[in-house]
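Q: Below are the structure tokens for one structure; questions will follow.
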Amino acid sequence: MDSALVLTQIFNGFSLASLYLLAALGLALSFGLMRVINMAHGEMLMLGGYLAYLTLLAVPGPMGILVAMPVAFAGAACMGGVIQIGLVRHLSARPLDTLLATWGVSLILQQAARSLFGAIGVDVTAPAWLDGGFTLAGANVPSSRLFILAVAAAVLAALALVLARTRIGLLVRAVNQDRMMAAATGIDVRRVDLAMFCLGTGIAGLAGVVLALLGPVTPNVGQSYIVPAFLVVVMGGLGSIVGTTVAALLLGLFSALAQIFVDVSVAQVLLLAFVILFIQVRPQGVIASRSRALDA
Amino acid sequence: MISSPKRLPLAVAALLGATAAQGAEPVKVGVLQSLSGTMAISEVTVKNAEIMAIDEINAKGGVMGRRIVAIVEDGASDPATFAQKAGKLIQQQQVATVFGGWTSASRKAMLPVFQRTNNLLWYPVQFEGNECSPNIIYTGAQPNQQIVPALNWAAQKGRKRYFLVGSDYVFPRTANLILKKQIAARKLAVVGEEYVPLGGTDFSAVVAKIRAAKPDIIFSTLNGDSNVSFFKQMAAAGLSSAQIPVMSFSIAEQEAQAMGPQLVKGSYATWNYFQSMPTPANRAFVAAYKKRFGAGAAITDPMVHGYVNVYLWKAAVEKARSFDPTAVRKAAAAMPAIPSPMGPVRLAGNQSLHQRAYVGQLDPAGQFRIISRSDQEIAPNPYDRLAFPGKTCTLN
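For the record, the sequence lines run as chains R and P. The numbering used here puts the first residue of the first sequence at 1, with every later residue one more than the last. The numbering used here puts the first residue of the second sequence at 1001, with every later residue one more than the last.
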């Protein structure tokens, strides 16, 4: 076998894993904390992509993509806030209804994007400093994919820092462990929920910006990443950030290495089979979540 | 009913005339394309071209002295909707014929409706062949009029190692089946064959495999947005069209324009029509279309086939002296050539078009420079001799 191909695919595995991770973190956060499965999460990626497109129209040039990231984060976080306050909050006791309602939001957002931007995708051109790439030990490393890896690592580090070191992180951990008790000690649980939901959708918005470097932004761009993202969350152990990270790495590498031997479309089937088998062996996921909310 | 006094004499004349000549009553035809959903971007322009042909014919006195009324329906990019709307057009609206369809899935869904009602569909898009029905007139390229000529061209240019990449559905799978047989018969090599789900955006593995396989040319049957991801990720990996050329079968002027021609410039496509064709007939058609739909409008092969279909139907009706679908299709299959933007066109006995294949290379303006054309018109054959041996299309 071609060793350059294997090495390239290992690198691509990490790159895919970083995309999966960025798409899955928000899902993991909102499920872990609120047990909400946000079906409109993919559309937050889409929103981030379109915001990147609009930002680059306003700020062309090499630094446009760096401006686009905070814009997309803020835009997607605001949209997340609207969804949380307008919908999710009122349905918090009924997980199935949340599922259906957010699915509806997802359809509305897709159609809105289609009406606004057209059915065909819009294109975000990578700045010159992200063009090209280099060869490392025979593996081809495009700069744009390296950039995606860096973004994922930075987001993960920042999230870990927020959760471990800040006051809001402390509140989140308290609510995550025992919602009732946290509320009883005077924590404003609803505000913690809102903050985490916004943070999660904001990260998805960031994922949308980096996705736009690889392909067109279309009304259904989120759909192709939402299924792997759900798989990552399920496999990671619901609601665990460490588990989500490990699962994203496992699935990214599995998918990229499987693609050496089979088609991309067959690899997707194998990925699903892999998750099913894994869950059989380890139903609790990579990391068992110790949240009491999940005991019920 | 008629409020304007100016029109009153006309209406009276029409009423008086109607009893004398039944023929003055307009004839209804269906125009069935996706006006919404994911295919709308491609199909709305085909609808425009079909309506333009109908209007032109009406302006010149209609067909057999009767005005054509187009009943436009939206297939909504959904095969089941196409089938239902086809039934509605034929049974409720009593249309004489239907122009429309794009995806093979939509055509396959409509086929039973046209067979049951014994009506006629004029289908304008290139397709994978392996189908032949008396109730459909297939004017888009058959495989031997698009993909095989593309292979002939590449082989003639000394390309020996082929990499096939396609979206995972019926057209690419069938086209690649034919290509593999044809490549093997020419003693050339397929060095890779990859499928990505329709709409898929991750081409990291495909690009890595292309890099490892070092093909002389890539034959792409990718559809839709996947093309953008593919070309973007190829470019990011340092594989430009100059290094490994790509021959595409579903990128036309409109798609090139939407993708940004910079991304795809230098790559190839094979069609039976290009907007850049330098004939007077085509220049006149392009000018008329742009006058009506805007100077920025791109014109593509399926649009011209949709436009030509209306004229072919008119010629067949006039030859049959009847609107009856069976009489029309029999007349259509044995007609002399009619003029068109593509040059004179005529249908073969199997209700498909004799046509030339052209290879074009995309320039930075999103137009194709024609660099090669088949020596003569290619007789349509939906069944490739190597991939489907022994099968032929005989109608009537």
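Glycine included, every Cβ here is placed at the ideal spot set by N, Cα and C.
#1: Name the one or two DSSP bridge partners that residue 1352 (chain P) has.
#2: Below 6 Å CB to CB, which residues in the same chain sit around residue 53 (chain R) once its five sequence neighbours on both sides are set aside?
#3: According to DSSP, is residue 1357 (chain P) helix, strand or coil?
#4: For the region 1153-1167 of chain P against the region 1128-1142 of chain P, are there 3 or more C-beta pairs whose distance is under 8 Å?
#5: I'd like to know if residue 36 (chain R) contacts chain P, where contact means its C-beta is closer than 9 Å to some C-beta of that chain.
#6: Tell me which residue opens and which closes the alpha helix (DSSP H) that residue 183 (chain R) is part of.
#7: Hey, how far is the Cα of residue 1050 (chain P) from the Cα of residue 1102 (chain P)?
#8: How long is the line joining the alpha carbons of residue 296 (chain R) and residue 154 (chain R), rounded to whole angstroms?
#9: Leaving out five residues on either side along the sequence, give the residues of the same chain with a beta carbon under 8 Å from the beta carbon of residue 1276 (chain P).
#10: Tell me, which residues are paired with residue 1247 (chain P) by DSSP?
#11: Grouping DSSP H, G and I as helix and E and B as strand, with all else coil, what is residue 1389 (chain P)?
#12: Could you tell me which chain P residues have their CB closer than 8 Å to the CB of residue 110 (chain R), listed as they occur along the chain?
#13: Which residues in the same chain as residue 1378 (chain P) place their Cβ atom closer than 8 Å to its Cβ, once the five residues preceding and following it in sequence are excluded?
#14: Hey, is residue 1263 (chain P)'s beta-carbon within less than 9 Å of any beta-carbon in chain R?
#15: Would a check of beta-carbon distances place residue 152 (chain R) closer than 9 Å to chain P?
#16: Which residue or residues does DSSP assign as beta-bridge partners of residue 1291 (chain P)?
#17: Show which residues of chain P have a CB atom less than 9 Å away from the CB atom of residue 133 (chain R).
#18: Could you confirm whether any beta carbon from chain R is found closer than 9 Å to the beta carbon of residue 1174 (chain P)?
#19: Kindly indicate if chain R contains any beta-carbon less than 9 Å away from that of residue 1267 (chain P).
#20: Apart from the five residues on each side of it in sequence, which residues of its chain come closer than 7 Å, Cβ to Cβ, to residue 249 (chain R)?
#21: Output needed in chain order: residues of the region 1043-1065 of chain P with a Cβ under 7 Å from some Cβ in chain R.
#22: Flag this pair as touching only if the region 1029-1040 of chain P and the region 1063-1082 of chain P have three or more C-beta atom pairs under 8 Å; answer yes or no.
#23: Grab the span of the beta strand (DSSP E) containing residue 1321 (chain P) for me, first residue to last.
#24: Got a sec: is the Cβ-Cβ distance from residue 247 (chain R) to anything in chain P below 9 Å?
#25: Please give the ranges of any beta strand (DSSP E) in the region 1123-1183 of chain P, keeping only runs that are unbroken, at least 3 residues long and fully inside the region.
#26: How about residue 246 (chain R) and residue 236 (chain R): do their beta carbons lie closer than 9 Å?
#27: Closer than 7 Å, Cβ to any Cβ of chain P: which residues of the region 41-52 of chain R, in chain order?
#28: Counting only the same chain and skipping the five closest in sequence on each side, list residues whose C-beta sits under 7 Å from that of residue 149 (chain R).
#29: Step through the CB atoms of chain R and report whether any lies within less than 9 Å of the CB of residue 1233 (chain P).
#30: In terms of residue numbering, what span does the beta strand (DSSP E) encompassing residue 1374 (chain P) cover?
#31: Short check: CB of residue 83 (chain R) to CB of residue 38 (chain R), under 9 Å?
#32: When you compare each of R:23, R:271, R:276 and R:57 to residue 73 (chain R) by their alpha carbons, which one comes out closest?
#33: To the nearest angstrom, report how far apart residue 283 (chain R) and residue 11 (chain R) are at their CA atoms.
#34: Please check if any C-beta of chain P sits within less than 9 Å of the C-beta of residue 8 (chain R).
#35: Under 9 Å Cβ-Cβ, which residues of chain R neighbour residue 1195 (chain P)?
#36: Using CA coordinates, which residue listed in P:1201, P:1231 and P:1244 is at the minimum distance from residue 224 (chain R)?
A: In terms of the structure at hand:
#1: P:1138
#2: 122, 124 and 217
#3: coil
#4: These segments do not touch.
#5: no
#6: 179-184
#7: 13 Å
#8: Confidence at residue 296 (chain R) is low in this model, with a pLDDT of 40, below 50, so the placement of that residue should be treated as unreliable; the coordinate-derived value is given next. Approximately 34 Å between the Cα atoms of the pair.
#9: 1360, 1367, 1368, 1369 and 1370
#10: P:1219 and P:1268
#11: coil
#12: Within chain P, no residue comes near residue 110 (chain R); the closest Cβ sits about 11 Å away, beyond 8 Å.
#13: 1144, 1145, 1149, 1354, 1355, 1356 and 1357
#14: yes
#15: Not an interface residue.
#16: None; residue 1291 (chain P) has no bridge partner.
#17: 1236, 1237 and 1238
#18: no
#19: False, the Cβ-Cβ gap to chain R never drops below 9 Å.
#20: 17
#21: none
#22: yes
#23: It is not in any beta strand (DSSP E) - residue 1321 (chain P) carries neither H nor E in the DSSP assignment.
#24: no
#25: 1136-1138 and 1161-1167
#26: Going by beta carbons, residue 246 (chain R) and residue 236 (chain R) fall inside the 9 Å limit.
#27: none
#28: 14, 15 and 18
#29: yes
#30: First-last for residue 1374 (chain P): undefined, no H or E at that position.
#31: yes
#32: R:23
#33: 29 Å
#34: Taking a beta-carbon distance threshold of 9 Å, residue 8 (chain R) counts as an interface residue toward chain P.
#35: 263, 264, 265 and 266
#36: It is P:1201 whose Cα lies nearest to the Cα of residue 224 (chain R).
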